[in-house]
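Structure record follows, encoded as C-alpha cells.
There are 2 protein chains.
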Amino acid sequence: MPDMSAQLDIVFAALADPTRRSILSMLLEDDMAVTDVAEPFEMSLAAISKHLTILTRAGLISQEKRGRVKWCKLEPDALRDASVWMQGFGQFEPVNLDAFEKFLETQLAPAASDSD
Amino acid sequence: MPDMSAQLDIVFAALADPTRRSILSMLLEDDMAVTDVAEPFEMSLAAISKHLTILTRAGLISQEKRGRVKWCKLEPDALRDASVWMQGFGQFEPVNLDAFEKFLETQLAPAASDSD
DNA sequence: TGTTTCGTCAACCGATTGGTTGAATATGCG
DNA sequence: CGCATATTCAACCAATCGGTTGACGAAACA
Numbered sequence: 000m001p002d003m004s005a006q007l008d009i010v011f012a013a014l015a016d017p018t019r020r021s022i023l024s025m026l027l028e029d030d031m032a033v034t035d036v037a038e039p040f041e042m043s044l045a046a047i048s049k050h051l052t053i054l055t056r057a058g059l060i061s062q063e064k065r066g067r068v069k070w071c072k073l074e075p076d077a078l079r080d081a082s083v084w085m086q087g088f089g090q091f092e093p094v095n096l097d098a099f100e101k102f103l104e105t106q107l108a109p110a111a112s113d114s115d
Numbered sequence: 000m001p002d003m004s005a006q007l008d009i010v011f012a013a014l015a016d017p018t019r020r021s022i023l024s025m026l027l028e029d030d031m032a033v034t035d036v037a038e039p040f041e042m043s044l045a046a047i048s049k050h051l052t053i054l055t056r057a058g059l060i061s062q063e064k065r066g067r068v069k070w071c072k073l074e075p076d077a078l079r080d081a082s083v084w085m086q087g088f089g090q091f092e093p094v095n096l097d098a099f100e101k102f103l104e105t106q107l108a109p110a111a112s113d114s115d
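First to last, the sequence lines map onto chains A and B. So the first sequence is numbered by numbering that gives the first Met the number 0: it starts at 0 and just counts up by one. So the second sequence is numbered by numbering that gives the first Met the number 0: it starts at 0 and just counts up by one.
Rendered as C-alpha cells:
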C-alpha cells in the first residue's frame, strides 16, 4: 500500500458527512439495495447514489449488481486503516509520556531488574 | 452527547487534508509556534494559519498566545472520540497493536525524508 | 521612537462539494 | 411486446474549500 496519504484523504473525506456515516451504520446490520438505503433519507435517490459512489471509492463499501438491483456491502478494511492512523495520535502521546517517566524511573533506580 | 455527529463532521473534515495531518504529525513531537509549523510547507503563512484554525475548531489542537508567539499543542481527545466512533464498526476486533506498531514504523521511521 | 517579527484579517480566485431535476439505461414482469 | 422498477448520467446551482495577496495590529527590540 504505497500512497497511504491519498487513501486517508479519501477515507476521511468520505467519513466527514453525516449522511454517509449514517449509511455505513445502516450497512452494519445487513447488505442493502440502493433504493432501500435511500428510503430513510429526505433527499433524492440520485444524491444517495452519489454518496454511495464516494463510499465505494473510499473502499468503505462495495457494490455488486445482481439483476437490476445493486447491493451495498460494508467493507471495514479501509476503516481499519484510518482507525489505526488515528489510534496513533489518540494513544501515542499519553502512552509515550507515561512510558518515558517509567523509563526514567527504571533507569535511575538502583539494581532495577527488568520485568516486562 | 447527542450532537456528536456535528463534531465528527468537523473532526473528519479536518483530518481529510494531508497538510493538516502532516501538521498533527509534527505536533506529536513537540509544541510549535505558528511560524515554525509553516516553515516546512510551500505555502503562505496565512494558509497555514487557516489550517491551524480548522484543527483548533475540530479540537485536535489548542493554541495559546505567549507574547507575540502563538503556540500550537496537539489535543488527542477529539481524535480519540472519532476513533471510538470508528470502532463502533468493529465487527472486526478493535485495533490490534501489531498493526499499530507496524504503522508507526512505516509512518515515523522515514520522517527524515519528510523534506518539505 | 521607529522597525522588525508574528500572526490574523479581508477580499478575491478557481475547484470541489452536496444537492436538485430530468433524461437515459438496464432489468424484470404481465 | 409494453410498462414498471432500479439506478445512473448530465447539467446546473449555491456554498464551501484551499490557496493567494496586501493590509493590519500587537509585541519585541534597536
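For each residue, glycine too, the CB sits at the ideal point set by N, CA and C. Computed from a predicted model, the values in this text were never measured in an experiment.
Are the beta-carbon atoms of A/A32 and A/K69 separated by less than 8 Å?
-> Yes, Cβ-Cβ distance for A/A32 and A/K69 is below 8 Å.
Run of the alpha helix (DSSP H) containing A/E63, from where it starts to where it stops | Where A/E63 is concerned, there is no enclosing alpha helix (DSSP H), although the beta strand (DSSP E) it sits in stretches over 60-65.
If you follow the alpha helix (DSSP H) that A/P39 is part of, which residue opens it and which one closes it?
-> In this chain, A/P39 is not harboured by any alpha helix (DSSP H), its DSSP state being neither H nor E.
Specify, as a first and last residue, the run of the alpha helix (DSSP H) that B/P75 falls within.
-> Membership of B/P75 in any alpha helix (DSSP H) is not indicated, and neither H nor E is assigned to it by DSSP.
Straight-line Cα distance separating A/R20 from B/S10 = It is Val, not Ser, that sits at residue 10 of chain B in the sequence shown. About 13 Å.
Which residue's Cα is closest to the Cα of B/M25: B/G58, B/L73, B/R56, B/T52?
-> Shortest Cα-Cα distance from B/M25 to any of B/G58, B/L73, B/R56, B/T52 involves B/L73.
Could you name the residues of chain A that B/P17 contacts, counting a contact when the two beta carbons are closer than 9 Å?
-> Residues of chain A passing the Cβ test: S4, A5, L7, D8.
Could you tell me the distance, in whole angstroms, from the CA atom of B/Q62 to the CA atom of B/L44?
-> B/Q62 and B/L44: Cα-Cα distance of roughly 16 Å.
Closest Cβ-Cβ distance between A/L44 and chain B: below 8 Å?
-> Taking 8 Å as the threshold, the shortest C-beta distance from A/L44 to chain B does not fall below it.
Spatial neighbours of A/V94 within its chain, please: CB distance less than 8 Å, with the 5 preceding and 5 following residues excluded, ordered by chain position.
-> Here the model assigns A/V94 a pLDDT of 41, short of 50, so the residue's position is not dependable, and the following value carries that caveat. Once the five neighbours on either side are set aside, A/V94 has no close Cβ partner at all.
Write down the C-beta distance between A/D8 and B/P17 rounded to the nearest angstrom, noting that I regard them as a contact closer than 8 Å.
-> About 6 Å separates the two Cβ atoms, so the contact holds.
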